[in-house]
Amino acid sequence: MFLKALRFFFPWVLILCLGIAWGLSFSLAKIAVNNGADPLTLTVWQSFLAGIMLMVLMLFGRARLPFEKGLLGLCLVIAVCGFIIPGVSFYYAAPHVQAGVLSITVTLVPILTYAISIPLGLEKPEIKRILGLVFGTLAILLIVIPENSLPETKAIPWILLSCLGSAFYALEGIVIATKMPEKLNPIGVACIGNFLAVFFLWPMLYGSGQQMTLNWPLDISGLAIFGISFISAVAYTLYIFVIKLSGPLFASQSAYVVTLAGVFWGMAIFEEEHSLWVWSSLLTMLVGLILVTPRKKNSGYSTKTEFGIDGGNPP
Numbered sequence: 000m001f002l003k004a005l006r007f008f009f010p011w012v013l014i015l016c017l018g019i020a021w022g023l024s025f026s027l028a029k030i031a032v033n034n035g036a037d038p039l040t041l042t043v044w045q046s047f048l049a050g051i052m053l054m055v056l057m058l059f060g061r062a063r064l065p066f067e068k069g070l071l072g073l074c075l076v077i078a079v080c081g082f083i084i085p086g087v088s089f090y091y092a093a094p095h096v097q098a099g100v101l102s103i104t105v106t107l108v109p110i111l112t113y114a115i116s117i118p119l120g121l122e123k124p125e126i127k128r129i130l131g132l133v134f135g136t137l138a139i140l141l142i143v144i145p146e147n148s149l150p151e152t153k154a155i156p157w158i159l160l161s162c163l164g165s166a167f168y169a170l171e172g173i174v175i176a177t178k179m180p181e182k183l184n185p186i187g188v189a190c191i192g193n194f195l196a197v198f199f200l201w202p203m204l205y206g207s208g209q210q211m212t213l214n215w216p217l218d219i220s221g222l223a224i225f226g227i228s229f230i231s232a233v234a235y236t237l238y239i240f241v242i243k244l245s246g247p248l249f250a251s252q253s254a255y256v257v258t259l260a261g262v263f264w265g266m267a268i269f270e271e272e273h274s275l276w277v278w279s280s281l282l283t284m285l286v287g288l289i290l291v292t293p294r295k296k297n298s299g300y301s302t303k304t305e306f307g308i309d310g311g312n313p314p
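Position 114, counted from 1, in the sequence shown is what numbering that gives the first Met the number 0 calls 113; the numbers after and before it change by one each time, with no gaps.
This is how it looks when you write it as structure tokens:
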């Protein structure tokens, strides 16, 4: 009886834990940039540290990554679409946008994935799921159009920039869903993607003249960067574990926890107060997410990547 209850509740506990942790990453990003971390520096160090942590996890689990044809190209897509562009976009937007609002924009990932999949012939148009796209679009409009929706209207361009990051997360998921062989270890692919991101960003960071090293002993921004990297590695690993334990459709429900946790972490840490428009946007986005979520296990070409299980880092 106890073991049966444990098997039922354990996946839910994992989803709750990883959702709360992933939701915290939005606030940690804001803490890092507000305390002097350059977005480019933050992206480089997050990718480097997360790559190291994932490599340690692979060594600890004695996992192997078979080097197949196309592996490097796949990892390059992950580096660009999952780490470089979304990371830089979110971190540049972080000081200008409330952490809770940032978490709402990331919920666009599964919605945008479905939108991009239709013209590519990867998904069939369904009225209910298309209605989910409408709700997702409406959720963003509820934030950017009303004059009193945000503390400052200057945040609107930065919100749109964070939406661009979500679009690249969605594009990354589609490429992985169609190009990644099933036998490849997703943790290993994410590990290589992180290191490729560092390889391409390090020369840019050097040329920008920004600080390339973390202060020692670590200051607040350095601790926040370590926190983001830890969440990136551990929460992603937990996500993969939940997929193997209970299936990708069950694991996709963590998207709700991530969004809600992101909003409430922002309220707890920064004492953020949101207008009625933002709360309406949150509710509308969650409704859109519910509508666009496939209800059957065989729905869609790759449920696991539709919901951000694609190697990308939070936020």
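Even glycine gets a Cβ: it sits at the ideal position worked out from N, Cα and C.
Minimum C-alpha distance to Val100 - residue among Ser245, Arg61, Ser165, Leu41: Ranking Ser245, Arg61, Ser165, Leu41 by Cα distance to Val100 puts Ser165 first.
Element boundaries [alpha helix (DSSP H), containing Glu146]: Element bounds for Glu146: n/a, residue is neither H nor E.
Between Trp21 and Ile230, what straight-line distance do the alpha-carbon atoms span, to the nearest angstrom? 6 angstroms
Below-7 angstroms beta-carbon distance, Gly120 vs any chain D residue: Of the protein chains in this structure there is only one, and it is not chain D.
Test item: CB-CB of Ile227 and Ser24 under 7 angstroms: yes
Please report how far the alpha carbon of Ile51 lies from the alpha carbon of Val96, in whole angstroms. 30 angstroms
Looking at the structure shown, is Ser298 part of a helix, part of a strand, or coil, going by DSSP? Any reading at Ser298 must be qualified, since the residue scores a pLDDT of 45, below 50, and its modelled position is unreliable; no value is offered.
Should the stretch 213-226 be called in touch with the stretch 155-164, which here means at least 3 C-beta pairs below 8 angstroms? no
Is the distance from the Cβ of Val43 to the Cβ of Leu222 below 7 angstroms? no
Taking the straight line between their C-alpha atoms, what separation do you get for Ile129 and Leu290? When rounded, the distance between both Cα atoms is 8 angstroms.
Count the other CB atoms, across all protein chains shown, that sit within 10 Å of the CB of Glu181; report buried if there are 16 or more and exposed otherwise. exposed
Reduced DSSP secondary structure (H/G/I, E/B, other) of Ala78: helix
Using the Cα positions of Pro10 and Tyr235, report the straight-line distance between them to the nearest angstrom. Straight-line Cα distance between these residues: approximately 14 angstroms.
Nearest to Val87 by alpha carbon, out of Ile175, Ser274, Lys29? Among Ile175, Ser274, Lys29, the Cα nearest to that of Val87 belongs to Lys29.
Alpha helix (DSSP H) segment containing Met57, residue limits: 38-59
So, are the CB atoms of Gly187 and Ile77 less than 7 angstroms apart? no
Assign Arg63 to one of three DSSP states: helix, strand, or coil. coil
Given 8 angstroms as the limit, is there contact between the stretch 263-277 and the stretch 137-150, that is, 3 or more CB pairs closer than that? yes
Once DSSP output is grouped into helix, strand and coil, what is the label at Glu122? Coil at Glu122, not helix or strand.
Is there contact between the stretch 248-268 and the stretch 113-126, where contact requires at least three CB pairs shorter than 8 angstroms? no
Neighbourhood of Ser207 by C-beta, 8 angstroms cutoff - its chain only, sequence neighbours within 5 removed: Asp37, Leu39
If we ignore side chains and look at the alpha-carbon of each, how far apart do Leu111 and Gln209 end up? The straight-line gap from Cα to Cα measures roughly 33 angstroms.
Thinking C-alpha only, which one of Cys16, Leu41, Gly172 is nearest Trp315? Here the chain has residues from 0 to 314 only, and residue 315 is not among them.
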